[in-house]
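Q: So the sequences go chain by chain: L and Z.
For the first sequence, my numbering assigns the number 1 to the initial residue and increments by one for each residue that follows.
For the second sequence, my numbering assigns the number 259 to the initial residue and increments by one for each residue that follows.
Cβ atoms here follow ideal geometry from the backbone N, Cα and C, with glycine treated the same way.
Dropping the structure in here first, questions after.
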Amino acid sequence: MGKLLNEQIVSTQMLCKDVFIMTIRSEYVASTAKPGQFVNIRCGGLDAMLRRPISICDVNKAQNTFDIVIQVKGSGTQKLCSMCQGAVDIMAPLGNSFMLDDKHKNICVVGGGIGTFPLLYLLKASQSTNKTALLGFRSGEAVVLEDKFRATANTVEIATDDGSYGKKAFVTELLEETIQSQKPDIIYTCGPAIMMRKVAAIAQKNGISCQVSMEQRMGCGIGACLVCACKTQKGDDWGFSHVCKDGPVYWSTEVCWD
Amino acid sequence: MSDNIDLSTNIAGVQFDNPVIMASGTYGFGKEYSEYVDLNQIGGISVKGLTLKERKGNKPPRIAETPAGILNSVGLQNPGVEVFIKEDLPFLKKYKTKIIANIAGNTIEEYCEMAEILGDSQVDAIEMNVSCPNVKAGCLAFGTSPKGIEEITSAVKKYCKQPLIVKLTPNVSDIKSIAMAAEGAGADCISLINTILGLAIDINKKKPILANNFGGLSGPAVKPIALRMVYEAAHSVKIPVIGMGGISSWEDAVEFILVGASAVMVGTANFVNPTIPIEIVNGIEKYLEHHGHTGLDEIIGKMDLND
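So, in structure tokens, the structure goes:
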């Protein structure tokens, strides 16, 4: 259950241009958060009134802290990233989470850009014996937290759009190669919608279960305002579910990708 | 809460413990916020706008943040009035907060049918939404002319067992005539303002941010407009007025009460701070105490314009 909390920022560091990692001390979040969940964080001021939903990237239960990675997109995220210490007003942890199952011995995560970060906590929390991380970035300059991914996954492969680091490819191409060499029991993906749609199609073609973490502009973050709509299958019909409460994680086959 | 201060307010025979009501469309059916706030401490909840049958709502994006406000185009997504009564109302009735059913229809007949269905339910009042800017048919069309308001209000009133609140749109040139038309046709109360039709643009895509193009503006940006309209409406009618539009603090709420609102509705501010209703209730109480008042009645409409 999410709570409204006033917690302390431990640190905020720049990872690369416009991308920052913030560590927040919170016994409640550190002890209850599951991979895939998010915090709804208050920026303050009238130019960025609404809270910003940010995925939980990592949890340190021993230190009672958790990490979020914030990409500066506007005045709200700019304000957040300039907060290096002091109190922060959060609602957390919110949303559902990735389904982790011990029967899945061989898992594969596919992340794109800012969407790679929630997959780190998933990899850490998973008990699977073989974990593959396929990460896609714009360029080498945008590749961050690689060491953390390497510390938790058995295999890490990186693709960049411009080929300045790793392989010049789309991350979905890495997925197709991976599936040929070893068929994962389940695929988890987070990133741009166009990438996830392709991942979902590849998973379906190969008969592999796939979970996707959807993104949508949010209002309340707890399912009251109904703005963060995601078109999903409802039996033979369809409906709009809500990313903040019904998601952000869906089975790829639930989502109507049109 | 102090025993010496009476925060209760009477809206057309319904006694609210305090004047702070959650605005329709911002509070779901109360359940989501019950994890963060004791709903017993809130005067009332106007639930998510209901239609006769389930509505799926508009395509996303449904929200755009604008300076000191938000634009939304949810498009009245809801499960339909009968599902609400069966599945959502029992939860709300566990609390002493008063429940207002907000209804929206495509035709006058639909509004009447919903009022009739709700008549046998445990809702405390009906708020008729003739002001939603986010649906293509009906709704707003009824609310933009005195004739339209008169016609729909007098028709729906016949089917209402509970007090009828008519929620007015600010997207009109003369709010006074609209308010008077609602009163004349039998409304027990009016509430205003609904959102103001607006547009937000993504300059990189050269397209509107909202999939539905236009949306309803709410939040602090609309407060001065709302205050003026609530003042004008409250000074045109004798029935109670519920004021809303950008209320984000107890001071904002007091302003609306001073211009004539017997109660206030809080909407967008809930998204920012879920405990804001309680802060507003406590703030109003302290204000009354500080100014030597013993009840809310002593300040309703007590703001006079400058000479």
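Taking 7 angstroms as the CB-CB cut-off, is residue 321(Z) touching chain L?
A: On the second sequence, position 63 is the one that residue 321(Z) refers to. Output row for residue 321(Z): interface = yes.
Q: Measure the C-alpha to C-alpha separation of residue 88(L) and residue 44(L) and round it to an integer number of angstroms.
A: Within the first sequence, numbered from 1, the residue matching residue 88(L) stands at position 88. Within the first sequence, numbered from 1, the residue matching residue 44(L) stands at position 44. If I take the Cα positions, the gap works out to 10 angstroms.
Q: To the nearest whole angstrom, what separates the beta carbons of residue 330(L) and residue 200(L), a pair I think is in contact under 8 angstroms?
A: It is not possible to answer for residue 330(L), since the shown part of chain L is limited to 1 through 258.
Q: Let me see if you follow: with CB-CB separation under 7 angstroms, is residue 8(L) close to chain Z or not?
A: Residue 8(L) sits at position 8 when you count from the first residue of the first sequence. Answer no: the Cβ-Cβ gap between residue 8(L) and chain Z never drops below 7 angstroms.
Q: Flag residue 535(Z) as yes if its beta-carbon sits less than 7 angstroms from any beta-carbon of chain L, otherwise no.
A: As a working note, residue 535(Z) is residue 277 in the second sequence. So, not an interface residue.
Q: Just checking: is the beta-carbon of residue 311(Z) within a distance shorter than 7 angstroms of some beta-carbon in chain L?
A: Numbered from its first residue, the second sequence carries residue 311(Z) at position 53. No - not a single Cβ of chain L is within 7 angstroms of the one on residue 311(Z).
Q: For residue 493(Z), does the three-state DSSP call read helix, strand or coil?
A: Numbered from 1 along the second sequence, position 235 holds the residue referred to as residue 493(Z). Residue state, collapsed to three classes: coil.
Q: What first and last residue would you give for the beta strand (DSSP E) that runs through residue 234(L)?
A: The residue given as residue 234(L) occupies position 234 in the first sequence. 229-234 is the extent of the beta strand (DSSP E) around residue 234(L).
Q: Tell me the rounded alpha-carbon separation between residue 321(Z) and residue 457(Z).
A: Taking the second sequence and counting its residues from 1, the one referred to as residue 321(Z) is at position 63. Taking the second sequence and counting its residues from 1, the one referred to as residue 457(Z) is at position 199. Roughly 11 angstroms between the two C-alpha positions.
Q: Would you grab the beta carbon distance between residue 527(Z) and residue 506(Z) for me? Rounded to a whole angstrom, and I think it's under 8 angstroms.
A: In the second sequence, residue 527(Z) corresponds to position 269, counting from 1. In the second sequence, residue 506(Z) corresponds to position 248, counting from 1. At roughly 4 angstroms, the Cβ-Cβ gap stays under 8 angstroms, so residue 527(Z) and residue 506(Z) are in contact.
Q: Measuring only the C-alpha atoms, how far is residue 157(L) from residue 144(L)?
A: Taking the first sequence and counting its residues from 1, the one referred to as residue 157(L) is at position 157. Taking the first sequence and counting its residues from 1, the one referred to as residue 144(L) is at position 144. Between residue 157(L) and residue 144(L), the C-alpha separation is close to 13 angstroms.
Q: Beta-carbon separation of residue 69(L) and residue 24(L) under 7 angstroms?
A: The residue you call residue 69(L) lines up with position 69 of the first sequence. The residue you call residue 24(L) lines up with position 24 of the first sequence. Contact: no.
Q: Under 8 angstroms between beta-carbons, which chain L residues line up against residue 571(Z)? List them in chain order, please.
A: The displayed coordinates of chain Z run from 259 to 565. Any statement about residue 571(Z) would go beyond what the structure contains.
Q: Mind checking which residues open and close the beta strand (DSSP E) that includes residue 188(L)?
A: For the purposes of this step, residue 188(L) is taken as residue 188 along the first sequence, with counting starting at 1. It spans 186-190 - the beta strand (DSSP E) in which residue 188(L) sits, taken as one unbroken run.
Q: Does the distance from the CB of residue 359(Z) to the CB of residue 341(Z) come in under 7 angstroms?
A: Taking the second sequence and counting its residues from 1, the one referred to as residue 359(Z) is at position 101. Taking the second sequence and counting its residues from 1, the one referred to as residue 341(Z) is at position 83. Cβ distance not < 7 angstroms, so residue 359(Z) and residue 341(Z) don't count as in contact.
Q: Quick one: which unbroken beta strand (DSSP E) runs of 3-plus residues sit fully inside the stretch 292-377 of chain Z? Chain order, please.
A: If we require 3 residues or more, the beta strand (DSSP E) runs fully inside the stretch 292-377 of chain Z come out as 302-304, 321-324, 327-330 and 356-361.
Q: Measuring only the C-alpha atoms, how far is residue 81(L) from residue 530(Z)?
A: What you label residue 81(L) is simply residue 81 of the first sequence in a count that begins at 1. What you label residue 530(Z) is simply residue 272 of the second sequence in a count that begins at 1. Going by the C-alpha atoms only, they are around 19 angstroms apart.
Q: I'd like to confirm the pairing. Which residues does DSSP put opposite residue 212(L) in its beta bridges?
A: As a working note, residue 212(L) is residue 212 in the first sequence. Partner(s): 189(L) and 250(L).
Q: For residue 91(L) and residue 52(L), what's the separation of their Cα atoms in angstroms?
A: Along the first sequence, one-based indexing puts residue 91(L) at 91. Along the first sequence, one-based indexing puts residue 52(L) at 52. Roughly 10 angstroms between the two C-alpha positions.
Q: Alpha carbon to alpha carbon, how far is residue 336(Z) from residue 435(Z)?
A: Within the second sequence, numbered from 1, the residue matching residue 336(Z) stands at position 78. Within the second sequence, numbered from 1, the residue matching residue 435(Z) stands at position 177. Roughly 31 angstroms separates the two Cα atoms.
Q: Run through chain L and tell me which residues come within less than 8 angstroms of residue 482(Z), C-beta to C-beta.
A: Counted from its first residue, the second sequence places residue 482(Z) at position 224. Here the premise fails: no neighbours, minimum Cβ distance about 14 angstroms.
Q: At 8 angstroms on the CB atoms, spell out the chain Z contacts of residue 216(L), in chain order.
A: Within the first sequence, residue 216(L) is the residue found at index 216, counting from 1. 318 and 319, listed in chain order.
Q: With H, G and I counted as helix, E and B as strand and the rest as coil, what does DSSP make of residue 560(Z)?
A: The residue you call residue 560(Z) lines up with position 302 of the second sequence. It is coil, neither helix nor strand.
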